[in-house]
Amino acid sequence: MAFARPGYSAATAERAVGRPATRSAIALPRIPLPRIPLLDSLKGRSRKLRARFLSPTRAAGIPLLRELFGDSAVSRAGVYAAHDTAGSFHFITMRPFADKVKGRIGGYRIGFFPSEQRAGRSAAYSNPDGFLEVTALNQDTPISEHFRLRDFLTHDQATVWPKYLVLREPLVDKLELVLSELRRMGVPANRLRVMSGFRTPQYNQQGVGAGGRVQDSRHQYGDAADVYVVNGDRDWMSDLNRDGRVDTRDANVLAQAAERVEREHPDLIGGVGIYRATSAHGPFVHIDVRGTRARWGAM
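Counting in numbering that gives the first Met the number 0, the final residue of the sequence shown is number 298, and the numbers go up one at a time with none missing.
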């Protein structure tokens, strides 16, 4: 197994490990596989996670991280890649929440979380621990078998880099399980497209109002995604029930898969909501891991 640190060329790392590495990384000396038995335990219920997100505090509590990657893995936000015959796994250390000043980190606008402005209704609505720093070079980092960092970015500030992202591993794990469950149900499901993942508070605020987004949307906490299944070239919900039409009945099939996942994995319980098509988008399903059951839409 080989490891990589941020700050160097991907080509150097690729020559050293014999496969593409995280961009802007250099390979360190190979370390015997028995040194890191924890990697397999980090792959989630789905066994398809390929990343662990670490706040500075959380990273400091993992001595092995410092041993393998040095002090910068704790003190500096970045993507730290490990490679073995099974593929790659990434430790991604965050910028601390305190780095957000006047609603921004650098030139990237984030805004203010609900609990910065008023008392949060529960611990689930506390401020995030920190932010994943996403650059033009690392945005394609795989965080699971089917998802990359860029899939969950807020859809604004297209030309601003770096961007900042709040994301929780249980959400990615649940989405992988839903995709697998669809296939187990005999439903064609090539890809689960994330229409909306993380929303910065300033972006979420733009749609708050009657019939729109809620003020304390789970999307702001990195544990919610609006998704649909894409099987062809068109970026639109596919005909999952094979009745020759695309409508909320297809979204209901996707919601049923999420329901089954929650029954099998109660620790991933959360919200599941069905949304109708509009002129701008097809039907889709909201899935989150808020920790309590919530249902809405025509289920």
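Glycine included, C-beta positions come from ideal geometry on N, C-alpha and C.
Scanning its chain for C-beta atoms nearer than 8 angstroms, with the 5 sequence neighbours on each side dropped, one finds around residue 103 the residues 109, in chain order. Residue 223 has its alpha-carbon roughly 8 angstroms from the corresponding atom of residue 195. Between the region 205 to 220 and the region 156 to 164, the count of C-beta pairs closer than 8 angstroms stays below three; the two stretches do not touch.
For residue 259, the uninterrupted alpha helix (DSSP H) segment begins and ends at 247 to 263. When C-beta atoms of the region 174 to 186 are compared with those of the region 241 to 259, three or more pairs fall below 8 angstroms, so the two segments count as touching. Only residues of its own chain outside the window of five on either side were considered, and among them 194, 225, 227, 274 have a CB closer than 6 angstroms to the CB of residue 283, listed in chain order. By the C-beta density criterion, residue 43 is buried, having at least 16 other C-beta atoms within 10 angstroms.
Listed in chain order, the beta strand (DSSP E) elements of length 3 or more contained wholly in the region 127 to 206 are 129 to 133, 162 to 164, 190 to 195. The three-state reading of DSSP puts residue 125 in coil, since its state is none of H, G, I, E or B. A distance below 8 angstroms between beta-carbons, with the five flanking residues on each side excluded, links residue 127 to the following residues of its chain, in chain order: 96, 112, 165, 220, 221. For the pair residue 267 and residue 169, the CB atoms are nearer than the 7 angstroms cut-off. Looking at 176, 188, 79, 192, the one whose alpha-carbon comes closest to that of residue 151 is 192.
By the Cβ test, the region 87 to 96 is in contact with the region 134 to 141, since at least three Cβ pairs between them sit closer than 8 angstroms.
For the pair residue 106 and residue 99, the Cα-to-Cα distance works out to about 11 angstroms.
In summary, residue 217 is buried, with 16 or more beta-carbon neighbours lying within 10 Å of its beta-carbon over all protein chains present.
DSSP assignment within the region 45 to 80 yields the following whole beta strand (DSSP E) runs of 3 residues or more, N-terminal first: 50 to 53. In the assembly as shown, residue 188 is a buried residue. Its beta-carbon has 16 or more other beta-carbons within 10 Å.
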